[in-house]
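A.B. asks: Input: one structure, supplied below.
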Amino acid sequence: MSNRSRKLFYGDCLSAMRDHIPDESADLVYLDPPFNSKATYNVLFKPPTEFGEGSQIKAFDDTWHWNLDAEREYELVRRNVQSSDLANLIEALRRFLNTNDMLAYLVHMANRLLEVRRVMKDTASVYLHCDPTASHYLKLVMDAIFGKKNFRNEIIWAYRGGGTPRKDFGRRHDVILRFSKSKNYRFYDAEIRIPYQAEGIDRKDDSMWGSHKGTDKVYKPHPKGKIPEDWWLINVINANSPERLGYPTQKPQTLLERIIKASSEEGDVVLDPFCGCGTSIHASEALKRNWIGIDITHLAITLVKKRLADAFGELPIETHGLPTSYAGAMELARQDKHQFELWVIGLINAQPYKGGRKGADTGIDGYLRYNYLETGNGKQKIEQGTAIIEVKGGQTGVKDIRNLSEVVSREEADQGILISAVKPTKKMLEHASAKGFVKLGTRDYPIMQVVWLKDLMEDTVRVEYPESGWIDHTKTAPREKGINQTKLDD
Ligand SMILES: C[S@@+](CC[C@H](N)C(=O)[O-])C[C@H]1O[C@@H](n2cnc3c(N)ncnc32)[C@H](O)[C@@H]1O
């Protein structure tokens, strides 16, 4: 039986850590929060060709503004009695920066970093991944929270590629601030040593080996090589790499592997409170660590689950914050329509869809792409089919089926699936069945399906379409070596 622990939380990492993660329970924390770059990250998915254009889904917005929420976060930091250093710093920053977007970002981060410190073991380390826009301010915040003496490294992750500005040097590095909780931090140097001549610098380290004049010191090369410097040349994931999954800001796995190997060992707990598409989690799983991932968007949580299933087979994962009951689902629909839609679409392994024809409202929330086998003239051919998904969180009626049916014809799709939070009426069901069937391969499938979310959640009803596994909306994570299709027990 597996004794590994794997946990995913959907929600703000502040409340997820506060409510679910005990004091001193994590061995390593890696966090890669959005940078306040004033960007809205749209995930670009490859659309089915007949839909014409790229479909974009808003994954997250990393723009902070000074508003009531920021004022609340500010008060929370100031009132935090644990750390008067931090309160002083934040007040000074308010005088310096005024109430601008950067201060909103910093108070947001300060509250979450306080929680990070609480959950860290005495022996743990934290790696805060940021960029030069905010790294100098974040270092002050980290100094105030973790103590200046616990600052361990400012790691420069350098890479190449992209365009360069005309009147500046090309900005091609991120900053990773490494702090420990105390002087008892662990560092597994043997796991991360590299050849002496590695990482592209010509200097011959061996020139210093041997006896040194005037001293009795003798320098010998370490048989496993050297500990890397605090600048790391690691390529970003290029556009054609099989590693690229289509999530913006995805970090290379080798980067995370080095961090995880340096500061944890097998069986340790790795926490990533801003896990995105789960690079740290993938690396932790491969390195046999226990892990906890948190993200505020359903899209990320769905992607992490798919990524792990592709790479390792089905794993037992404890998932929190996703609706597990119909009442919970209705609550999510009330609180956040967009996240509700993303969650429902993920429930049937479909692809979220936004955008489409010249920004017009397409009436499409998601789609499923599948393959089926067509036989003709004694030959077999793999065909691709599409089902268009519409999610309704509130009242719905026959007119929604009529609308969906029009979209299905317009887009020349094969099927339409309407998933309704409210129980569909008899009239709706009749209207849908009247649309008849489409033959896909050897079987007939309903052209129009209306599914009650409650039935879907309780698994009393399934959506009918030719089996295909997950569709092509994000790339598939390559299978990890030595992992076959069977379920893992460890
Ligand atoms: C820069 S991305 C992380 C990318 C990740 N390192 C990877 O390799 O995929 C930041 C993530 O933080 C999430 N996020 C933003 N605010 C959050 C919050 N308050 N709590 C949890 N996650 C949050 C965003 O949804 C986004 O997925």
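Under this note's numbering, the residues of the sequence shown are numbered 85 to 574, in order.
Glycine residues also receive a C-beta, built at the ideal position from the N, C-alpha and C atoms.
As the structure is a computational prediction, the values presented were derived from the model and not from experiment.
How far does the alpha helix (DSSP H) with K265 in it extend, from its first residue to its last?
C.D. replies: Here residue 265 refers to the residue found at position 181 when the sequence shown is read from its first residue. Run containing K265: none; DSSP gives neither H nor E here.
A.B. asks: Measuring alpha carbon to alpha carbon, tell me which residue in I321, L329 and P312 is nearest R342.
C.D. replies: Stepping through the sequence shown from its first residue, residue 342 is reached at position 258. Comparing Cα-Cα distances from R342 to each of I321, L329 and P312, the minimum goes to P312.
A.B. asks: Could I get the ranges of all uninterrupted beta strand (DSSP E) runs contained in the segment 279-349, with 3 residues as the minimum, in chain order?
C.D. replies: 315-317
A.B. asks: I need the DSSP call for S139, collapsed to helix, strand or coil.
C.D. replies: Taking the first residue of the sequence shown as position 1, residue 139 is located at position 55. Any reading at S139 is ruled out, since the residue's pLDDT is 45, under 50, leaving its predicted position unreliable.
A.B. asks: Please return the same chain residues whose Cβ sits closer than 8 Å to the Cβ of L170, not counting the five positions on each side in sequence.
C.D. replies: As a working note, residue 170 is residue 86 in the sequence shown. Excluding sequence neighbours, L170 sits near V161, N164, A194, L198, V225, A228 and I229.
A.B. asks: Could you check if C97 belongs to the surroundings of ligand 1, using beta carbon to heavy atom distance under 6 Å?
C.D. replies: Taking the first residue of the sequence shown as 1, we reach residue 97 at position 13. Relative to ligand 1, the beta carbon of C97 is positioned inside 6 Å of a heavy atom.
A.B. asks: What do you get for I285, buried or exposed, if any count of 16 or more other CB atoms within 10 angstroms of its CB means buried?
C.D. replies: The count along the sequence shown starts at 1 and reaches residue 285 at position 201. Bear in mind that the predicted position of I285 carries a pLDDT of just 48, short of 50, making it too unreliable to give a figure here.
A.B. asks: Are the CB atoms of I473 and V491 within a distance shorter than 7 Å?
C.D. replies: Taking the first residue of the sequence shown as position 1, residue 491 is located at position 407. Taking the first residue of the sequence shown as position 1, residue 473 is located at position 389. Against a cut-off of 7 Å, the Cβ pair of I473 and V491 comes out as no contact.
A.B. asks: For a test of the three-state rule: what should DSSP assign to F396, helix, strand or coil?
C.D. replies: Looking up residue 396 in the sequence shown gives position 312. Collapsing the DSSP output to three states places F396 in a helix.
A.B. asks: Do you know offhand how far W315's Cα is from G477's?
C.D. replies: What you label residue 315 is simply residue 231 of the sequence shown in a count that begins at 1. What you label residue 477 is simply residue 393 of the sequence shown in a count that begins at 1. W315 and G477: Cα-Cα distance of roughly 49 Å.
A.B. asks: Which word fits I555, buried or exposed, when buried means at least 16 other C-beta atoms lie within 10 angstroms of its C-beta?
C.D. replies: Counting from one through the sequence shown, the residue named residue 555 turns up at place 471. Because the pLDDT at I555 is just 34, under 50, the model does not fix this residue reliably, and the value given afterwards should be weighed accordingly. Label assigned to I555: buried.
A.B. asks: List the endpoints of the continuous alpha helix (DSSP H) containing T408.
C.D. replies: To locate residue 408, count along the sequence shown from 1; it is residue 324. First-last for T408: undefined, no H or E at that position.
A.B. asks: Ordered along the chain, which non-local residues of its own chain (more than five positions away) have a Cβ less than 8 Å from that of K507?
C.D. replies: The sequence position of residue 507 within the sequence shown is 423, counting from 1. Excluding positions up to five away in sequence, the list reads W536 and K538.
A.B. asks: Please report the Cβ distance between V113 and L355, rounded to the nearest whole angstrom; I am assuming they are in contact, meaning their Cβ atoms lie under 8 Å.
C.D. replies: Position 29 of the sequence shown, counted from the start, is the residue given in the question as residue 113. Position 271 of the sequence shown, counted from the start, is the residue given in the question as residue 355. The Cβ separation is near 5 Å, so the contact holds.
A.B. asks: Enumerate in chain order the residues of its own chain whose CB-to-CB distance from K91 is below 6 Å, with the five nearest sequence positions on each side excluded.
C.D. replies: As a first step, residue 91 must be located in the sequence shown, where it is residue number 7. For K91, where only same-chain residues beyond five positions count, the Cβ hits under 6 Å are I376 and E402.
A.B. asks: Could you give the first and the last residue of the continuous beta strand (DSSP E) run that contains R236?
C.D. replies: Numbered from its first residue, the sequence shown carries residue 236 at position 152. Per DSSP, the continuous beta strand (DSSP E) segment holding R236 begins and ends at F235 to A242.
A.B. asks: Can we count T381 as close to ligand 1, meaning its CB is less than 6 Å from some heavy atom?
C.D. replies: Here residue 381 corresponds to residue number 297 of the sequence shown, with the count starting at 1. Correct: T381 has its Cβ closer than 6 Å to ligand 1.
A.B. asks: Under the three-state reduction of DSSP, which class applies to V506: helix, strand or coil?
C.D. replies: Counting from one through the sequence shown, the residue named residue 506 turns up at place 422. V506 falls in the coil class under three-state DSSP.
A.B. asks: Can you give me the C-alpha to C-alpha distance between Y529 and V388, rounded to a whole angstrom?
C.D. replies: Counting from one through the sequence shown, the residue named residue 529 turns up at place 445. Counting from one through the sequence shown, the residue named residue 388 turns up at place 304. C-alpha separation (whole angstroms): 31 Å.
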